[in-house]
Amino acid sequence: AQSVTQLDSHVSVSEGTPVLLRCNYSSSYSPSLFWYVQHPNKGLQLLLKYTSAATLVKGINGFEAEFKKSETSFHLTKPSAHMSDAAEYFCVVLLYGQNFVFGPGTRLSVLP
Amino acid sequence: SAVISQKPSRDICQRGTSLTIQCQVDSQVTMMFWYRQQPGQSLTLIATANQGSEATYESGFVIDKFPISRPNLTFSTLTVSNMSPEDSSIYLCSVEVQDYEQYFGPGTRLTVT
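Chains A and B, in that order, give the protein sequences. In terms of the working numbering, the first sequence is residues 878 to 989. In terms of the working numbering, the second sequence is residues 87 to 199.
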């Protein structure tokens, strides 16, 4: 069975400082991995995805994530946080032929 | 990408009643999905709805409680039947577009009193 762990339920950073949101997955096979963002009272938006191409994936709004098979990780980073980045972030794993499995989510707060 | 709309955006219903949620997408898609997001929680897949076949339900969800229709490639409905307060959640539909990407509707916020 596949599962997704997001190690931090809440991350708080100051505006202009780096962001790191951690995600680990368990899978016997190489998965496809996604990060989605959910702003308050808004729908889910796809930030980026990994589907067995380049291990460093660049997404929208300056976010990127690196797939590390040896560590079964897919951490999300951004060099400099902006106030508008405050939201809930979900790591999602997908095995071929199966369905999306969402992680529990990490709430990102950005302090002025 | 795809633009997805849901109706209603929110509703307050009495226990024992049923609510049908509509999902409309602006292009033809094969696979549509229904998710539930309970308060303060992550998303859980309810079922996969492919046009022309019966919906496939995940463990813990049954057709009698969550009947789904998929009459064509741009539309689907989810009914929440015989509601109880535990059904209070946000219900979201999504579509698979390409390379396994899913795009989500804005959600329907349901409160059961």
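The beta-carbon is built from N, C-alpha and C at its ideal position, and this holds for glycine as well.
For the options A:897, A:934 and A:914, the alpha carbon positioned closest to that of residue 884 of chain A is the one of A:897.
Looking at B:98, B:99 and B:109, the one whose alpha-carbon comes closest to that of residue 178 of chain B is B:109.
Looking at A:916, A:911, A:920 and A:902, the one whose alpha-carbon comes closest to that of residue 92 of chain B is A:920.
Taking 8 angstroms as the CB threshold, residue 100 of chain B stays off the interface with chain A. Burial check for residue 194 of chain B: the Cβ neighbour count within 10 Å reaches 16 or more, so the residue is buried.
Residues 965 and 967 of the same chain have their beta carbon placed closer than 6 angstroms to that of residue 982 of chain A, with the five preceding and five following residues left out of the count. Residues of chain A with a Cβ closer than 8 angstroms to the Cβ of residue 187 of chain B are, in chain order, 911, 923 and 926.
Contact annotation for residue 147 of chain B against chain A: no contact, minimum CB-CB distance about 12 angstroms [criterion: below 8 angstroms]. Counting the other Cβ atoms within 10 Å of the Cβ of residue 166 of chain B gives 16 or more, which makes it buried. In this structure, residue 979 of chain A lies near residue 881 of chain A, with their beta-carbon atoms less than 8 angstroms apart. Against chain A, the CB of residue 129 of chain B has a partner CB under 8 angstroms away; the residue lies at that interface.
Inter-residue distance for residue 185 of chain B and residue 172 of chain B is about 35 angstroms (C-alpha atoms, whole angstroms).
In this structure, residue 98 of chain B sits away from residue 163 of chain B, with a CB-CB distance that is not shorter than 8 angstroms. For residue 964 of chain A, the uninterrupted beta strand (DSSP E) run begins and ends at 964-971, by DSSP. An exposed status is given to residue 906 of chain A, since fewer than 16 other beta-carbon atoms sit within 10 Å of its beta-carbon. In the DSSP assignment, the residues bridged to residue 983 of chain A are A:966.
In the three-state scheme derived from DSSP, where H, G and I count as helix and E and B as strand, residue 182 of chain B is classed as strand. At a cut-off of 8 angstroms, the C-beta of residue 103 of chain B has no neighbouring C-beta in chain A. Bridge pairing for residue 916 of chain A: absent [DSSP].
In its chain, beyond the 5 residues on either side, 882, 949 and 950 have a beta carbon closer than 6 angstroms to the beta carbon of residue 901 of chain A.
Among the CB atoms of chain B, one or more fall inside 8 angstroms of the CB of residue 971 of chain A. Secondary structure of residue 93 of chain B (DSSP, three-state): strand.
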